[in-house]
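Peer 1:
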Amino acid sequence: MTLLIVIAMVQWIKLIFFQISIIKGKNHQIRKENIRYCSSQGDLFMKEIQGALHFTTQMETT
0 MTLLIVIAMV QWIKLIFFQI SIIKGKNHQI RKENIRYCSS QGDLFMKEIQ GALHFTTQME
60 TT
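Numbering of the sequence shown is given in numbering that gives the first Met the number 0, commencing with residue 0 and proceeding in unit increments.
#1: Starting from the C-beta of I48, find all residues in its chain whose C-beta is less than 7 Å away, skip the five residues before and the five after it, and write them out in chain order.
#2: Apart from the five residues just before and just after A51, which ones in its own chain have a Cβ nearer than 6 Å to its Cβ?
#3: Take Q10 and list the residues in its own chain whose beta-carbon comes closer than 6 Å to its own, dropping the five residues that flank it on each side.
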């Protein structure tokens, strides 16, 4: 369980750094691409967490 939390924290930190790089991004096109990438990464991250929570609850019930 603690491993999952650590992975989650790392993912959040990565997302935050991506958002900072977007804000600092000078080129508008690059910024748009980064935002698109970030939102897709965020969706993936949420799916990962949901999957992990589902997995851990299954482990606890069995």
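Beta carbons are placed, not taken as given, at the ideal position from N, Cα and C, and that holds for glycine. In this text, all values refer to a predicted model and were calculated from it rather than measured experimentally.
Peer 2: Reading it off the structure:
#1: A7
#2: L3
#3: F44
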